[in-house]
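Reading through the C-alpha cells given below for one structure.
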Amino acid sequence: MSVRKLQEKRGWAFNIAVPIVKPTLLATTRREWIGGENIPESGGFIIALNHISHVDPLTAAHLVYDHGYKPRYLAKSGLFDNVALGFFLRGAGQIPVKRDTKDAVGAYAAAVDAVRNGQCVVIYPEATITRDPDMWPMKGKSGAARIALETGCPVIPVGQWGAHEILAPYTKRPHLVPRHQVVMRVGPPVELDDLRAQERTNEVVNQATARIMAAITHELELVRGETAPAERYDMAVHGDRFKRNKKAAG
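Just so we're aligned, residue 436 is where the sequence shown starts under my numbering, counting upward by one.
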C-alpha cells in the first residue's frame, strides 16, 4: 500500500514494471519506511542514499514510488547498450552516465533539468557498492552536491539496510527465503543554504558532499544502532577489496 498517490502519470515503462516489481518485493521482503514525511510532497529533489547491493535500486524505487514519485536514477551507461533494456530505461526516464568522461556533463544537465521539472532524482553518492568491510558509507563523489547547489533543491538523506541480505555485493545468487527486513530511514534535508550563497569552488562542493555523506551515515547509524568509523573508506587510498579478493581467489 502506497503512503501517497503518484504525482504524475506512470507511463508505459512503469505500467510494465510496477505490476511485476512491486508484488515481487512485497512477497520477498518486509519493509520498514521511517521518516517518510521528510520526502517533499511537491517540487524536485534528490534522494541520496548508501549503496550496499545490486538489488537496492529496486528497494529504493519502492520507497520513492510509495511516496508519490517515479524515481530517476543516474545509471551506468553500459546498461543502455542492450537495445531492449536501453529502450525500457529511457522510457522510464532513467539517465545514462559515462563515469569520468566528458559525456558525464550531459548526465549532470539531464539530472538538473529533471529536478527543475519537479522530479525525484535518486543518487548513490558513493557511485558504487561500498567497499568498507563493515558496509559503512565510503567517501562520496560530488554529483549530488553539484546538482543541489545548481538548482537549490533539497537533498534528502536515506540510510538503508537489509538489501545486502537479499543479494550480497557482487554475488549472483539471491536469498529470498526467509523474507528479509529492508529498512529505509529518511532524514531531514541536508543543510546547504549557506554553501549555496558562496562561490561554487571545489572547496564548497567538497563541503556539500561531506555534509551529504555525514547525513546519510547518521541515518544508517540510527538504523543499525551502531557508530560508523571516524575515517570514511576511500577507494583511492584503501583500494578495492573486492578486486583484491577476486585476484587472491584466482
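Beta carbons: idealized from backbone N, C-alpha and C, even for Gly.
| request: In the DSSP assignment, find the alpha helix (DSSP H) that holds I451 and state where it starts and stops. | output: Residue mapping note: residue 451 aligns to position 16 of the sequence shown, counting from 1. G446 to T463 is the extent of the alpha helix (DSSP H) around I451.
| task | Would you mind working out which of D669, R676 and R646 sits nearest E626, comparing C-alpha positions? | result | Your numbering for residue 626 matches position 191 in the sequence shown. That would be R646, whose Cα lies nearest to the Cα of E626.
| task | Measure the alpha-carbon distance for K505 versus V550 and round it to whole angstroms. | result | Here residue 505 refers to the residue found at position 70 when the sequence shown is read from its first residue. Here residue 550 refers to the residue found at position 115 when the sequence shown is read from its first residue. Roughly 12 angstroms separates the two Cα atoms.
| task | Would you mind sorting A683 into buried or exposed? The rule is 16 or more other CB atoms within 10 Å of its CB. | result | For this step, residue 683 is matched to residue 248 along the sequence shown. Here the model assigns A683 a pLDDT of 48, short of 50, so the residue's position is not dependable and the matter cannot be decided.
| field | Closest residue to D675 among A663, T563 and A544 (Cα-Cα distance) | value | Here residue 675 corresponds to residue number 240 of the sequence shown, with the count starting at 1. Taking only the C-alpha atoms, the option nearest D675 is T563.
| query | Since H599 and I487 are thought to touch, with beta carbons under 8 angstroms apart, how far apart are those beta carbons, to the nearest angstrom? | reply | Residue numbering aside, residue 599 sits at position 164 when the sequence shown is read from its first letter. Residue numbering aside, residue 487 sits at position 52 when the sequence shown is read from its first letter. Indeed, because the Cβ distance is near 4 angstroms, the residues count as touching under 8 angstroms.
| message | Check for me: the alpha helix (DSSP H) holding L520 runs from which residue to which? | response | Along the sequence shown, read from residue 1 onward, the residue named residue 520 stands at position 85. DSSP places L520 inside the alpha helix (DSSP H), whose first and last residues are V518 to G526.
| Is the beta carbon of L630 sitting closer than 7 angstroms to the one on Q642? | Numbered from 1 along the sequence shown, position 195 holds the residue referred to as residue 630. Numbered from 1 along the sequence shown, position 207 holds the residue referred to as residue 642. Yes, Cβ-Cβ distance for L630 and Q642 is below 7 angstroms.
| task | Return the CA-CA distance between G685 and A663, expressed in angstroms with no decimal places. | result | Start at 1 with the first residue of the sequence shown, and residue 685 comes out as number 250. Start at 1 with the first residue of the sequence shown, and residue 663 comes out as number 228. Residue placement at G685 is flagged as unreliable, the pLDDT there being 48, under the threshold of 50; a coordinate-derived value is accordingly withheld.
| request: Please work out which residues of its chain come closer than 7 angstroms, Cβ to Cβ, to V557, disregarding the five sequence neighbours upstream and downstream, and give them in chain order. | output: The count along the sequence shown starts at 1 and reaches residue 557 at position 122. In the same chain as V557, and ignoring 5 residues on each side of it, the C-beta atoms closer than 7 angstroms to its own belong to I482, A495, V499, P506, R507 and Y508, in chain order.
| query | CB-CB under 8 angstroms to V438, same chain, minus the five flanking residues each way: which ones, in chain order? | reply | Position 3 of the sequence shown, counted from the first residue, corresponds to residue 438. Excluding positions up to five away in sequence, the list reads W468, G471, D501, H502 and G503.
| field | Contiguous beta strand (DSSP E) assignments of at least 3 residues, all confined to the segment 619-677 | value | You should have found no qualifying run.
| DSSP three-state assignment for K440, whether helix, strand or coil | For the purposes of this step, residue 440 is taken as the residue at position 5 of the sequence shown. Taken through DSSP and simplified to helix, strand or coil, K440 comes out as coil.
| First and last residue of the alpha helix (DSSP H) that includes R581? | If you number the sequence shown from 1, residue 581 lands on position 146. Note, R581: alpha helix (DSSP H), G578 to T586.
| task | Give the DSSP bridge partners of V556, in chain order. | result | Start at 1 with the first residue of the sequence shown, and residue 556 comes out as number 121. Bridge partners of V556: I481 and R507.
| said: Tell me the residue span of the beta strand (DSSP E) that contains I474. | reply: Numbered from 1 along the sequence shown, position 39 holds the residue referred to as residue 474. Element bounds for I474: n/a, residue is neither H nor E.
| Which first and last residues belong to the alpha helix (DSSP H) in which V404 is found? | The requested residue 404 is not part of the displayed model; the chain covers only 436 to 685.
| query | So D669 packs on K574, CB below 8 angstroms; how close in whole Å? | reply | Working through the sequence shown from its first residue, we reach residue 669 at position 234. Working through the sequence shown from its first residue, we reach residue 574 at position 139. Taking a contact as a CB-CB distance under 8 angstroms, the pair D669 and K574 counts as one, their CB atoms being some 4 angstroms apart.
| request: Report the partner residues of W468 according to the DSSP bridge assignment. | output: Within the sequence shown, residue 468 is the residue found at index 33, counting from 1. Paired residue(s): M619.
| query | From P604 to C555, what distance separates their C-alpha atoms? | reply | Numbered from its first residue, the sequence shown carries residue 604 at position 169. Numbered from its first residue, the sequence shown carries residue 555 at position 120. Distance between the alpha carbons of P604 and C555: 26 angstroms.
| task | Return the residue from the list G479, A448 and V612 that minimises the CA-CA distance to A519. | result | The residue given as residue 519 occupies position 84 in the sequence shown. It is A448.
| Own chain partners of D491 with C-beta closer than 7 angstroms, once the 5 adjacent residues on each side are dropped | For the purposes of this step, residue 491 is identified with residue 56 of the sequence shown, where counting begins at 1. Answer for D491: Q595 and A598, listed in chain order.
| P572 - DSSP class collapsed to helix/strand/coil | As a first step, residue 572 must be located in the sequence shown, where it is residue number 137. P572 falls in the coil class under three-state DSSP.
| message | Whole angstroms are fine: how far does the CA of G578 sit from the CA of N450? | response | Sequence index remark: in the sequence shown, residue 450 carries index 15 (1-based). Sequence index remark: in the sequence shown, residue 578 carries index 143 (1-based). Approximately 29 angstroms between the Cα atoms of the pair.
| said: For F677 and R635, I'd like the C-alpha separation in whole angstroms. | reply: Mapped onto the sequence shown, residue 677 falls at position 242. Mapped onto the sequence shown, residue 635 falls at position 200. Roughly 35 angstroms between the two C-alpha positions.
| task | Give the DSSP-derived three-state secondary structure of P492 in the structure shown. | result | What you label residue 492 is simply residue 57 of the sequence shown in a count that begins at 1. Reduced to three states, the DSSP call for P492 is helix.
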